[in-house]
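**Student:** First the structure, then my questions, so here it is.
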Amino acid sequence: NNDAVDAWKRIQRLNLSDPKWRGGGHPAVMLSRTMMDALTKHFPEQAHAAGGDAHAAARGGVMDTLLLGQIESKHHKHNLYLDFLQRSGCWKLMDRDSRWHLLEHGEQVAALLQLRLLDNHLRAQEEIEGGGGLLHAAIVRAGERIAQHSQLLQRRPPAEVFYCRPVGGGDHAQGSLLHLCFVIHEMLHQEFDAARHASKSGFVHGMGQLCDAVLQILRIGHQFSQQHAGLYVSLDADVEGAGADTVTWKYSLDVCVVLSSVAFLAVQLLEPKELEAEDPILVSLVQQCVSDVAAPLLDGYLLVLRAEPFTSVSRTDMYERYNRARELVLPTLFQMAQDAYQASADPGAFNFVRALAEAHQGYEQLALVCEMTNDQEKLYHYMRALTGTTDHVESFATFMLQRMLDHNRVRQLLEDLPQDLHRPLLEHLTQPATLRQYR
36 NNDAVDAWKR IQRLNLSDPK WRGGGHPAVM LSRTMMDALT KHFPEQAHAA
86 GGDAHAAARG GVMDTLLLGQ IESKHHKHNL YLDFLQRSGC WKLMDRDSRW
136 HLLEHGEQVA ALLQLRLLDN HLRAQEEIEG GGGLLHAAIV RAGERIAQHS
186 QLLQRRPPAE VFYCRPVGGG DHAQGSLLHL CFVIHEMLHQ EFDAARHASK
236 SGFVHGMGQL CDAVLQILRI GHQFSQQHAG LYVSLDADVE GAGADTVTWK
286 YSLDVCVVLS SVAFLAVQLL EPKELEAEDP ILVSLVQQCV SDVAAPLLDG
336 YLLVLRAEPF TSVSRTDMYE RYNRARELVL PTLFQMAQDA YQASADPGAF
386 NFVRALAEAH QGYEQLALVC EMTNDQEKLY HYMRALTGTT DHVESFATFM
436 LQRMLDHNRV RQLLEDLPQD LHRPLLEHLT QPATLRQYR
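Residue numbers (the working numbering): 36 to 474.
Right under this line is the structure:
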C-alpha cells in the first residue's frame, strides 16, 4: 500500500546518507539473510550421534525430515519475499547491489534444496549398495568449518549447521555452498593422493559424485535466474552493460578452483598408465568429468578476469589462472573429439570443443579442427571474426598466418588467401619480430 511505499522511501533516503545501509547492509537484505540463515527450532539433541541403536537412527531420521522441511520453507518464503518487493514497488527503490544480494540469496537456497535432495538420495543408496558417502562427508566437514568460530554453532550437528547457513554473514563470511566448494577441493586432492597406492576405481566414482554435486548446484542457480529473469533484467537497466561482468557466487573464485581441481585430476587420470586401458568404463567417467566442468570452469574464470581492473596485479594473476585452465582442458577435449572423429568420421564430433575454443581463444584447437575436417571457409571465417582481446591476446589471423609460415605453407599464403586477408598478412610480415625471424 501507499504507507508501505512511503516508509520504504524514507529508508531509501537514509541509505543515501549512510553507506552501511547500501548493498549487503540494506534492511531488506538483512531481513532476507535473517530468514535464510535461521537455525532449526526444537532440534533433537544429538540427532547426529553415531551408533547402531534404534533411538539414534530415529533421531537421524527426524533430523533429515526437519532439515529438508526447513530448506523447502526458506525457499518458499524467499520467493514470496521477492514477489512482495516487486508488487509493492519497493524493488525499484532499492539500489542495484542490494537487489543482487537478494537474488543471490534465492539462488543459494534453491541450490541448497537440490543438494539436500541429492544428499538424501546418495545416503539411501549407500545403505543399500554401500559406498557413496563422500558427498555427505564433505557436507559434514563444511559444517564444521562454518561452526569453528561460533560457540552457538559448535553445539549443533555439522550437517544442520551447513544446511541452515546458506547465505553468509554474521558468524560466517561465506554461504555454505562456497564452504563446500573449498572442502571438496581439499578432499579431491587428499583422495587422489591416497588412490595412487590403491584402486583408482573408488576415487573416480567419488570424484564423479562430487563433480555432479557442484554442477547441480550451479545448474539450479542458473534455473533460478531464468525463473526470475525480469528481476535480473531490471539490474542491467540501471547501468548500461551492468550485468555482463558481475561476479556472483556461481562464478566466484571458490567455484572456479574446485572445478579446476576436477579438471586437473581428471586430465591426470587420462595420462598413460594412470588408468588401465582395459577398463573403458572408468576412462569414460573421467572423460565425462572433463567435458562437464570445461564450460563452467572457463566461463567462470573469464567472468572473474573481466571484473578485475585493467593493469592490476590481480588481473594478471587471474589471467594466468584462466590461461592455465584453457591449456588444461582444451587440448584434452580436442584429443577426445579427435578419437571420436576417427572412429565415426563425423565432423560433429568437434562441435563441443569448437564452440568452447571459439569462446575462449583456443586458436590451436580451432586450427587443428579446420585442418582435420579440411574446412577452409571456416578457417577464413575465424581469421576475420576472432580479433583477440585486450589481455595481450593476438588475433586468430595473426596466429594463423604465423602458423602457416612456421609450417612452410607459403604457397597457401600467396595463392589461396582471400583478398580481404592480405592486409593482416602484410601487417604481420612487417612486424619487427617477424622480420628478425625471417631475414
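No residue lacks a Cβ here, since even glycine has one placed at the ideal position from N, Cα and C.
Only a predicted model underlies this, so the values are computations on that prediction, with no experimental measurement involved.
Could you spell out where the alpha helix (DSSP H) holding residue 442 opens and where it closes?
**Tutor:** Taken as a continuous stretch (DSSP letters only), residue 442 belongs to no alpha helix (DSSP H), as it is neither H nor E.
**Student:** Is it right to say residue 225 is buried, meaning 16 or more other beta carbons lie within 10 angstroms of its own, or is it exposed?
**Tutor:** Exposed, because fewer than 16 other Cβ atoms sit within 10 Å of the Cβ of residue 225.
**Student:** As a quick exercise: from 298, 284 and 263, pick the residue whose alpha carbon is nearest that of residue 247.
**Tutor:** Looking at the Cα atoms, 298 is the closest of the given residues.
**Student:** Could you check which residue in 144, 356 and 378 has the C-alpha nearest to that of residue 71?
**Tutor:** Per the Cα distances, 144.
**Student:** Leaving out five residues before and five after residue 368 in sequence, what residues of the same chain have Cβ atoms less than 8 angstroms from its Cβ?
**Tutor:** Excluding residues within five positions, the ones whose Cβ falls inside 8 angstroms are 325, 326, 329, 387, 388, 391 and 400.
**Student:** For residue 385, does the three-state DSSP call read helix, strand or coil?
**Tutor:** Three-state DSSP puts residue 385 in a helix.
**Student:** For a test of the three-state rule: what should DSSP assign to residue 202, helix, strand or coil?
**Tutor:** In this structure, residue 202 counts as coil in the three-state DSSP scheme.
**Student:** Using three-state DSSP, classify residue 419 as helix, strand or coil.
**Tutor:** It is helical.
**Student:** When burial is assigned at 16 or more other CB atoms within 10 Å of the CB, is residue 348 buried or exposed?
**Tutor:** It counts as exposed.
**Student:** By Cβ distance below 6 angstroms, which residues in the same chain neighbour residue 182 in space, the five residues on each side in sequence not counted?
**Tutor:** Closer than 6 angstroms at Cβ, skipping near neighbours: 188, 189 and 196.
**Student:** Examine chain D for any beta-carbon lying closer than 8 angstroms to the beta-carbon of residue 385, and answer yes or no.
**Tutor:** Looking for chain D here will not work: only one protein chain is present.
**Student:** Under three-state DSSP, which class holds residue 92?
**Tutor:** Here the model assigns residue 92 a pLDDT of 43, short of 50, so the residue's position is not dependable and the matter cannot be decided.
**Student:** Quick one, which of 412, 413 and 462 has its alpha-carbon nearest residue 436's?
**Tutor:** Ranking 412, 413 and 462 by Cα distance to residue 436 puts 462 first.
**Student:** Should residue 420 and residue 456 be called a contact, given that it needs their Cβ atoms to be closer than 8 angstroms?
**Tutor:** Against a cut-off of 8 angstroms, the Cβ pair of residue 456 and residue 420 comes out as no contact.
**Student:** Can you give me the Cβ contacts of residue 213 inside the same chain, cut-off strictly under 8 angstroms, excluding the 5 residues immediately before and after it?
**Tutor:** Correct list, in chain order: 203, 284, 287, 289 and 290.
**Student:** Beta-carbon separation of residue 174 and residue 215 under 8 angstroms?
**Tutor:** Contact flag set, yes.
**Student:** Quick one: what's got a C-beta closer than 8 angstroms to residue 51's C-beta in the same chain, skipping five residues either side?
**Tutor:** A caution first: residue 51 carries a pLDDT of 39, below 50, which makes its placement in the model too unreliable to give a value.
**Student:** Starting from residue 235, trace the alpha helix (DSSP H) in both directions and tell me its first and last residue.
**Tutor:** Where residue 235 is concerned, the enclosing alpha helix (DSSP H) stretches over 235-262.
**Student:** Closest by CA to residue 251, which one among 294, 230, 75 and 263?
**Tutor:** Checked all of 294, 230, 75 and 263; the closest Cα to residue 251 is 294.
**Student:** Our contact map puts residue 241 next to residue 169 with C-beta atoms below 8 angstroms; I'd like the distance itself, whole angstroms only.
**Tutor:** The pair is a contact, with the Cβ atoms about 4 angstroms apart (cut-off 8 angstroms).
**Student:** Please report how far the alpha carbon of residue 138 lies from the alpha carbon of residue 414, in whole angstroms.
**Tutor:** Answer to the nearest angstrom: the Cα atoms are 42 angstroms apart.
**Student:** I'd like the list of long-range same chain contacts for residue 218, defined as Cβ closer than 7 angstroms, with 5 residues on each side in sequence excluded.
**Tutor:** Counting only Cβ-Cβ distances below 7 angstroms, and skipping sequence neighbours, we find 173, 176, 177 and 180.
**Student:** By the three-class DSSP mapping on this structure, what secondary structure does residue 183 have?
**Tutor:** Correct three-state label for residue 183: coil.
**Student:** Which one of 332, 266 and 410 has the shortest CA to CA distance from residue 130?
**Tutor:** Minimum Cα distance to residue 130 is reached at 266.
**Student:** Please determine, among 128, 68, 122 and 132, the residue with the shortest C-alpha to C-alpha distance to residue 109.
**Tutor:** Among 128, 68, 122 and 132, the Cα nearest to that of residue 109 is on 68.
**Student:** I want to know whether the segment 374-388 touches the segment 332-341 - three or more CB-CB distances under 8 angstroms.
**Tutor:** Verdict: no, contact absent.
**Student:** Comparing alpha-carbon positions, which option in 142, 223, 440 and 404 lies nearest residue 114?
**Tutor:** For the residues 142, 223, 440 and 404, the minimum Cα distance to residue 114 belongs to 142.
**Student:** Could you give the residue range of the alpha helix (DSSP H) that holds residue 345?
**Tutor:** It is not in any alpha helix (DSSP H) - residue 345 carries neither H nor E in the DSSP assignment.
**Student:** Less than 7 angstroms between C-beta atoms, sequence neighbours within five positions excluded: which residues of the same chain meet that for residue 99?
**Tutor:** Counting only Cβ-Cβ distances below 7 angstroms, and skipping sequence neighbours, we find 155.
**Student:** Could you have a look at residue 191 and say whether DSSP puts it in helix, strand or coil?
**Tutor:** Coil, per DSSP.
**Student:** Using 10 angstroms around the beta-carbon of residue 227, count the other beta-carbons present and answer buried if the total reaches 16, otherwise exposed.
**Tutor:** Buried, because 16 or more other Cβ atoms sit within 10 Å of the Cβ of residue 227.
**Student:** In whole angstroms, give me the CA-to-CA distance for residue 273 and residue 134.
**Tutor:** Confidence at residue 273 is low in this model, with a pLDDT of 48, below 50, so its placement is unreliable and the value that follows should be read with caution. Looking at the two C-alpha atoms, the distance is approximately 11 angstroms.
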